[in-house]
Amino acid sequence: MKSYDVIIVGAGMAGLRSAIGCVKHDLRTALITKVHPLRSHSVGASGGINAVLDNRIFRMENNTVLRDSQELHFNDTLECGYHFSDADAVETLVSRAPVMIRELERWGCLFSREEDGSFALRRMSGGRFARTLYASDKTGRAIMNTLYEQCVRLRQNKPDQLRIFEEWIVLKLLVLNNTVAGVVAMDIASGKLETIYAKTVIWATGGSGRIYGRTSNPGTNSGWGMAIPYYAGASLKDMEFVQFHPTQAWDSKILISEAARGEGGILINRKEERFLAVYEDSRTEKEFSGQDVISRNIRREILAGRGVEAKYVYLDLRNIKEKKIQERMPGVRELCKTFLDIDPQKELIPVAPGQHYTIGGVHTNENTETDINGFFAAGECACAGVHGANRMGGNSLMETLVFADRAAEYAARYIQRKNTKIPKEIFFEQALSREEERIRDLLSAKGDIHVSEIRKRLNETMDTYAGIFRDGMGLVEAAKTIKELMQLYHSRLEVYGDSARANFGLIEALELRGSLDIADIIVQTALKRNESIGVHFRNDFPAAPNRLRHSLCKLRKGKPFIRHIPVRSKTKPVKPLHVLAPWIRK
Numbered sequence: 003m004k005s006y007d008v009i010i011v012g013a014g015m016a017g018l019r020s021a022i023g024c025v026k027h028d029l030r031t032a033l034i035t036k037v038h039p040l041r042s043h044s045v046g047a048s049g050g051i052n053a054v055l056d057n058r059i060f061r062m063e064n065n066t067v068l069r070d071s072q073e074l075h076f077n078d079t080l081e082c083g084y085h086f087s088d089a090d091a092v093e094t095l096v097s098r099a100p101v102m103i104r105e106l107e108r109w110g111c112l113f114s115r116e117e118d119g120s121f122a123l124r125r126m127s128g129g130r131f132a133r134t135l136y137a138s139d140k141t142g143r144a145i146m147n148t149l150y151e152q153c154v155r156l157r158q159n160k161p162d163q164l165r166i167f168e169e170w171i172v173l174k175l176l177v178l179n180n181t182v183a184g185v186v187a188m189d190i191a192s193g194k195l196e197t198i199y200a201k202t203v204i205w206a207t208g209g210s211g212r213i214y215g216r217t218s219n220p221g222t223n224s225g226w227g228m229a230i231p232y233y234a235g236a237s238l239k240d241m242e243f244v245q246f247h248p249t250q251a252w253d254s255k256i257l258i259s260e261a262a263r264g265e266g267g268i269l270i271n272r273k274e275e276r277f278l279a280v281y282e283d284s285r286t287e288k289e290f291s292g293q294d295v296i297s298r299n300i301r302r303e304i305l306a307g308r309g310v311e312a313k314y315v316y317l318d319l320r321n322i323k324e325k326k327i328q329e330r331m332p333g334v335r336e337l338c339k340t341f342l343d344i345d346p347q348k349e350l351i352p353v354a355p356g357q358h359y360t361i362g363g364v365h366t367n368e369n370t371e372t373d374i375n376g377f378f379a380a381g382e383c384a385c386a387g388v389h390g391a392n393r394m395g396g397n398s399l400m401e402t403l404v405f406a407d408r409a410a411e412y413a414a415r416y417i418q419r420k421n422t423k424i425p426k427e428i429f430f431e432q433a434l435s436r437e438e439e440r441i442r443d444l445l446s447a448k449g450d451i452h453v454s455e456i457r458k459r460l461n462e463t464m465d466t467y468a469g470i471f472r473d474g475m476g477l478v479e480a481a482k483t484i485k486e487l488m489q490l491y492h493s494r495l496e497v498y499g500d501s502a503r504a505n506f507g508l509i510e511a512l513e514l515r516g517s518l519d520i521a522d523i524i525v526q527t528a529l530k531r532n533e534s535i536g537v538h539f540r541n542d543f544p545a546a547p548n549r550l551r552h553s554l555c556k557l558r559k560g561k562p563f564i565r566h567i568p569v570r571s572k573t574k575p576v577k578p579l580h581v582l583a584p585w586i587r588k
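This is the structure we're talking about:
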């Protein structure tokens with residue numbers, strides 16, 4: 003049996019950065035990933051990454067010059083998140099952000115620059131200052147290339163300390179007496195299952211957007227990565243908070259980067275009115291309002307009959323100079339021309355909100371520790387409480403880097419502090435046997451419903467009832483449908499092929515179970531939150547909460563058990579949520 007100090011599951015930005023940290027702490031590290039690292043979802047991140055590097059950026063407020071600072075980055079994060087963020091986690095983010103940028107710069111990450119050589123900065127939604135560094139509109143790719151290069155170098159220089167299991171999928175997190183003991187994983191090419199022991203495990207599997215139909219997330223973000231820790235006894239936090247991006251191209255999964263609005267793009271309805279200027283909650287900041295506010299107001303325009311074909315609105319980039327688009331948004335232009343047959347300098351881009359980011363995830367503290375000993379989580383699969391009820395543009399990439407680095411540090415501390423013992427061999431044999439039996443059962447199933455049919459119904463259900471606007475009746479209907487789909491999954495599922503070898507239909511079937519359970523948790527936690535705050539908007543409970551409480555969901559006796567705990571915030575007041583009916587503008 004293979005044995006390591008740490009297993010990292012996922013090789014996106016969080017996984018690669020954790021691997022670099024673990025090797026630097028002299029930990030024997032295994033990195034397990036379903037896809038090549040440069041095919042992970044992190045590569046698609048385009049907008050930018052937040053950090054306050056100096057105080058040269060300023061704005062005028064009440065005839066006073068206000069210069070950007072880490073304190074204001076902290077305050078903006080709290081404000082954008084409706085004071086639902088855990089203060090310790092936000093402090094960790096803003097204080098470590100400059101260190102992460104200087105580190106990337108030292109490793110050769112090519113951020114865009116001004117003519118004087120300083121970092122080019124743009125403003126993103128929810129922030130008051132231009133504090134977002136970027137690499138054209140390919141920031142995620144630039145950072146991922148840099149991190150992957152570092153991992154390749156480490157693997158060459160220290161081959162005994164870093165092994166990458168590429169195109170392997172983890173089936174089970176092994177836990178004994180509430181202490182992590184490794185994983186059961188499958189080599190996708192051969193179909194062979196193995197148990198791998200580790201003293202610690204760092205989880206970095208990304209979001210769960212593919213439980214929705216209209217989403218910018220790839221197929222790898224199925225929810226399986228959040229479901230596995232949940233099955234093993236970890237708590238999931240704030241799963242009802244799902245963020246929608248305002249500008250996903252209509253009838254497409256192509257995301258028009260937030261950079262387009264950051265560089266001057268505006269949203270207009272079919273009458274070519276700049277409608278964000280007339281809604282009370284977006285009148286001041288307009289396209290720089292929070293993602294939740296913009297997405298809601300786009301839906302309000304469409305529901306009020308001011309959208310185009312009652313489906314979408316327009317993103318207008320015609321006012322932006324060609325040179326600016328070529329230098330700062332070449333990717334947007336290329337995507338529009340190639341896949342939409344639109345020249346964004348001459349034509350309007352049809353857009354509507356689409357699921358984009360999972361704010362909830364595996365419950366962690368600011369040190370990435372979970373409620374399982376030796377188990378850490380970072381990135382979009384985790385919820386340290388940074389984003390609160392609404393993620394601020396540019397914060398997610400920095401959160402990923404900061405807390406991935408922290409996960410490596412605290413995994414090393416855990417190993418130094420704990421005298422871990424390898425469980426008896428029978429424990430691993432039984433775990434492996436159970437997973438092999440589950441694979442055999444799926445392959446031998448003689449059902450008549452394919453995975454794609456169940457997933458399609460799940461996607462339609464979540465889009466309809468668990469989207470930007472929610473209500474109790476719709477959520478109850480969603481819960482009922484998901485229960486029916488679970489019954490179909492267990493009784494009538496059809497899986498093609500009789501071998502696990504390179505059987506992607508089998509992998510889809512395995513992950514579908516996780517998709518259904520995560521969707522159910524989102525719906526159940528949304529039903530329990532009879533209030534509206536941030537991205538969670540209940541039409542039947544439009545008032546803001548009197549108390550700020552995180553939701554925690556844990557598996558008990560085969561069912562989700564939900565409770566609430568206080569938000570660890572240093573501030574009391576809740577940013578008011580403007581309660582407007584979908585058809586009202588002021």
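First residue of the sequence shown? That's 3 in my numbering, and the numbers climb one at a time after it. Quick reminder that beta carbons are idealized off the backbone N, C-alpha and C, glycines included.
Determine the direct distance from the alpha carbon of residue 383 to that of residue 228, and round the result to whole angstroms. 6 Å
Excluding five sequence neighbours on each side, which residues of the same chain lie with their C-beta closer than 7 Å to the C-beta of residue 110? Closer than 7 Å at Cβ, skipping near neighbours: 148.
With a threshold of 16 other CB atoms inside 10 Å of the CB of residue 332, please say whether the residue is buried or exposed. exposed
Between the alpha carbons of residue 469 and residue 64, how many angstroms are there, rounded? 38 Å
Could you give the first and the last residue of the continuous beta strand (DSSP E) run that contains residue 555? 551-558
Are residue 391 and residue 535 close, meaning C-beta to C-beta below 7 Å? yes
In whole angstroms, what is the alpha-carbon distance linking residue 221 and residue 66? Taking the Cα positions, residue 221 is about 48 Å away from residue 66.
Does residue 363 come out as helix, strand or coil in the three-state DSSP assignment? strand
Helix, strand or coil for residue 34 per DSSP? strand
In chain order, which alpha helix (DSSP H) runs of at least 4 residues are fully inside the segment 78-141? 89-109
Flag this pair as yes or no: are the beta carbons of residue 83 and residue 243 separated by less than 7 Å? no
Beta strand (DSSP E) containing residue 565: first to last residue? Taken as a continuous stretch (DSSP letters only), the beta strand (DSSP E) holding residue 565 covers 561-568.
Beta-ladder partner(s) of residue 318, from DSSP: 268, per the DSSP bridge assignment.
Who are the Cβ neighbours of residue 122 in its own chain at under 6 Å, not counting the five residues just before and after it? 114, 115 and 116
Suppose contacts are defined by Cβ-Cβ distances below 7 Å. Is residue 595 in contact with residue 132 by that definition? The structure shown has nothing for residue 595, since the chain only spans 3 to 588.
For residue 397, does the count of other Cβ atoms within 10 angstroms reach 16, so buried, or fall short, so exposed? buried
Take residue 13 as the anchor and find which of 99, 171 and 101 has the nearest alpha-carbon. Nearest in C-alpha terms to residue 13, of all of 99, 171 and 101, is 171.
Beta-carbon gap between residue 315 and residue 303 smaller than 7 Å: yes
Just to check my reading of the structure: residue 541 and residue 472 have Cβ atoms closer than 8 Å, yes? What is that Cβ distance to the nearest angstrom? 7 Å
For residue 616, collect the residues of the same chain with a Cβ closer than 6 Å to its Cβ; drop the 5 residues on either side in sequence, then sort them by chain order. Residue 616 is absent from the structure shown; the chain starts at 3 and stops at 588.
For the candidate residues 48, 81, 90 and 53, whose alpha-carbon lies nearest to that of residue 72? Ranking the options by Cα distance to residue 72, first place goes to 53.
Given 8 Å as the limit, is there contact between the segment 204-217 and the segment 444-464, that is, 3 or more CB pairs closer than that? yes
Run through DSSP, which three-state label would residue 1 get? Nothing can be reported for residue 1, as the shown portion of the chain is limited to 3 through 588.
Looking only at its chain, what residues have a beta carbon closer than 7 Å to the beta carbon of residue 272, apart from the 5 residues adjacent to it on each side? 308, 309 and 310
Tell me the DSSP bridge mates of residue 245? Residue pairing by DSSP places residue 245 opposite 359 in a beta bridge.
Can you tell me the Cα-Cα spacing of residue 39 and residue 143, whole angstroms? 11 Å
To the nearest angstrom, how far is it from the Cα of residue 226 to the Cα of residue 521? 11 Å
Taking the CB atoms as reference points, tell me whether residue 513 and residue 284 lie closer together than 7 Å. no
Leaving out five residues before and five after residue 518 in sequence, what residues of the same chain have Cβ atoms less than 7 Å from its Cβ? Excluding sequence neighbours, residue 518 sits near 460, 484, 487, 488 and 491.
Distance check for residue 508 and residue 444, CA to CA, integer angstroms please. 7 Å
Where residue 425 and residue 178 are concerned, what is the direct C-alpha to C-alpha distance, given to the nearest angstrom? Straight-line measurement puts the Cα of residue 178 at about 8 Å from the Cα of residue 425.
Can you tell which of 92, 399, 247 and 526 has its C-alpha closest to the C-alpha of residue 569? Nearest option by C-alpha distance: 92.
Who are the near neighbours of residue 589 in its chain, counting only those whose CB is closer than 6 Å to its CB and skipping five residues on each side? This structure cannot settle anything about residue 589, because the visible part of the chain is limited to 3 through 588.
Report buried or exposed for residue 140, applying the criterion of at least 16 other Cβ atoms within 10 angstroms of its Cβ. buried
Cβ neighbour criterion (16 or more within 10 Å) applied to residue 560: exposed
So, are the CB atoms of residue 168 and residue 31 less than 7 Å apart? no
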